[in-house]
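Novice:
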Amino acid sequence: MTQDEYPALYQSADSSSADAQWTYLLLLRLQYGLLFLAAFISLWFGGTPDIYIFYVFVVGTSTALLIYTSVQKPEKDWYACRALAESIKTSTWRYMMRAEPFEDSPKISTVKSKFSRFLKEILDANSHVRDPISKKPSTGDQITKAMNATRALSLEDRINRYRTERIEEQRRWYVSKVKTNRRHFRGWVIFCVIVQGAAIGLAMLRIRYDQQWSLWPTEPLLVLASAVVGWIQIKKFNELASAYSLTAHEIGILLTRIDHVKTEEDFSLFVNDAERAFSREHTQWVARQTEENL
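Numbering-wise, UniProt numbering puts 37 at position 37 of the sequence shown, and it's gapless, one number per residue.
1. Taking contact to mean 3 or more Cβ pairs, one atom from each stretch, closer than 8 Å, check whether the stretch 15-32 and the stretch 119-133 are in contact.
2. Reducing DSSP to helix, strand and coil, say where residue 252 ends up.
3. Kindly indicate which residue of 67, 45, 238, 37 has the alpha-carbon position closest to the one of residue 58.
4. Could you give the first and the last residue of the continuous alpha helix (DSSP H) run that contains residue 204?
5. Could you tell me which of 264, 229, 56 sits nearest to residue 34, measuring between CA atoms?
6. Excluding the 5 residues flanking residue 237 on each side, which residues of the same chain have their C-beta closer than 8 Å to its C-beta?
7. Do the stretch 137-152 and the stretch 105-120 meet, that is, are 3 or more Cβ pairs less than 8 Å apart?
8. Using a Cβ-Cβ cutoff of less than 6 Å, which residues in the same chain neighbour residue 164 once the five nearest sequence positions on both sides are dropped?
9. Between which two residues does the alpha helix (DSSP H) carrying residue 141 extend?
10. Which same chain residues end up closer than 8 Å to residue 271 when comparing Cβ atoms and leaving out the 5 residues on each side of it in sequence?
11. Measuring CA to CA, which of 153, 117, 158 is closest to residue 142?
12. Would you kindly work out how many angstroms separate the C-alpha atoms of residue 255 and residue 140, rounded to a whole number?
13. Does the pairing of the stretch 99-108 with the stretch 121-129 give three or more beta-carbon distances under 8 Å?
14. Rounded to the nearest angstrom, what separates residue 179 and residue 280 at their Cα positions?
15. By the three-class DSSP mapping on this structure, what secondary structure does residue 280 have?
16. At a cut of 8 Å, does the stretch 239-253 reach the stretch 164-175 through at least three beta carbon pairs?
17. Can you list the alpha helix (DSSP H) stretches of 4 or more residues lying completely in the UniProt domain "SMODS and SLOG-associating 2TM effector" (7-158), in chain order?
18. Please state if the CB of residue 138 and the CB of residue 297 are separated by a distance shorter than 8 Å.
19. Can you tell me which of the three DSSP states residue 216 falls into?
20. Apart from the five residues on each side of it in sequence, which residues of its chain come closer than 8 Å, Cβ to Cβ, to residue 191?
21. By the three-class DSSP mapping on this structure, what secondary structure does residue 164 have?
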């Protein structure tokens with residue numbers, strides 16, 4: 001399914017989460033970049049007074065960004081909006097697959113009302129994200145035509161769609177994230193080793209050429225290496241790769257069960273088991289991020 005085929009509330013929460021994540025990571029990059037620049041400027045200490053003014057400006061700006069990030073906490077909006085979006089997404093798939101609590105009813109209007117109430121309960125339970133969501137309004141429907149069209153399919157067609165567009169899509173996403181995080185982890189570690197190796201090399205050269213060279217950028221290199229270590233810790237590449245790998249295997253095990261689904265009751269149980277698996281991984285991710293930012 002495309003994003004505009006999901007409820008409007010999902011679209012707002014998803015966009016708000018992406019914006020908050022982008023803002024948070026941008027602020028961190030700016031802080032690291034300014035600290036590296038300050039270390040680089042310090043190489044010219046002893047020159048004109050302007051260099052000290054520029055240094056104060058750079059460090060002051062970095063400090064202001066740190067205070068802003070600590071007070072505004074954009075990462076909290078990122079986590080909360082992501083959690084809200086995923087809750088709506090899993091509820092949407094339950095609705096489309098006619099899974100409990102949105103199983104068949106004599107009147108479709110009854111099920112639609114139940115889904116609408118469910119969305120309101122989710123929003124009320126996440127009232128702390130009303131402000132960021134209000135900045136990303138969506139004019140779409142809360143129950144889209146695509147959702148109703150999928151719900152109207154036969155059991156066999158719904159099973160096939162759930163297999164391809166939900167389970168297999170999720171599995172591909174997790175496998176892709178495993179590869180991406182492991183690749184980024186290796187790349188950043190190698191870069192950090194190179195930077196620290198360069199700092200060691202400069203220190204060794206300084207033993208012999210200390211008087212001949214006036215500039216030794218050892219400190220900026222160490223600040224850069226520290227920033228890389230901090231970035232690796234914030235992004236948790238290795239930890240996420242392991243968690244995503246386990247979830248991908250769990251989804252693979254789920255796929256082996258779907259061929260045995262023959263009735264609406266069996267399918268409802270299967271969908272709820274699958275959605276709980278998806279929700280559990282994301283809930284654990286949010287919990288880890290929140291705990292580490294307390």
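Even for Gly, the Cβ is constructed at its ideal location relative to N, Cα and C. Small disclaimer: the values here were computed from a predicted structure and weren't measured.
Specialist: On the basis of the supplied data:
1. yes
2. By one-based count along the sequence shown, residue 252 stands at place 252. Correct three-state label for residue 252: helix.
3. Taking the first residue of the sequence shown as position 1, residue 58 is located at position 58. Of the candidates 67, 45, 238, 37, the one whose C-alpha sits nearest the C-alpha of residue 58 is 37.
4. By 1-based counting over the sequence shown, the position of residue 204 is 204. Run containing residue 204: 168-209, per the alpha helix (DSSP H) assignment.
5. By 1-based counting over the sequence shown, the position of residue 34 is 34. When only C-alpha atoms are compared, the closest one is 56.
6. Position 237 of the sequence shown, counting from 1, holds the residue named residue 237. Hits under 8 Å: 181, 182, 184, 185, 188.
7. yes
8. What you label residue 164 is simply residue 164 of the sequence shown in a count that begins at 1. Hits under 6 Å: none found.
9. The residue you call residue 141 lines up with position 141 of the sequence shown. Looking at the DSSP string, residue 141 is not in any alpha helix (DSSP H), and its letter there is neither H nor E.
10. Taking the sequence shown and counting its residues from 1, one reaches residue 271 at position 271. Closer than 8 Å at the Cβ level, and outside the excluded window around residue 271, lie 93, 94, 97, 99, 162.
11. Position 142 of the sequence shown, counted from the first residue, corresponds to residue 142. Out of 153, 117, 158, 117 has the C-alpha closest to the C-alpha of residue 142.
12. The residue given as residue 255 occupies position 255 in the sequence shown. The residue given as residue 140 occupies position 140 in the sequence shown. Near 32 Å, if we compare the C-alpha coordinates of residue 140 and residue 255.
13. Short answer: they don't touch.
14. Along the sequence shown, one-based indexing puts residue 179 at 179. Along the sequence shown, one-based indexing puts residue 280 at 280. Looking at the two C-alpha atoms, the distance is approximately 21 Å.
15. One-based indexing of the sequence shown puts residue 280 at position 280. DSSP places residue 280 in helix when its eight states are reduced to three.
16. yes
17. 8-41, 49-72, 74-96, 108-125, 130-134, 145-151
18. Nothing can be reported for residue 297, as the shown portion of the chain is limited to 1 through 294.
19. Within the sequence shown, numbered from 1, the residue matching residue 216 stands at position 216. Coil.
20. Along the sequence shown, one-based indexing puts residue 191 at 191. Non-local C-beta neighbours of residue 191 in its own chain, meaning closer than 8 Å and more than five positions away in sequence, comprise 228, ordered along the chain.
21. Along the sequence shown, one-based indexing puts residue 164 at 164. Three-state DSSP puts residue 164 in a helix.
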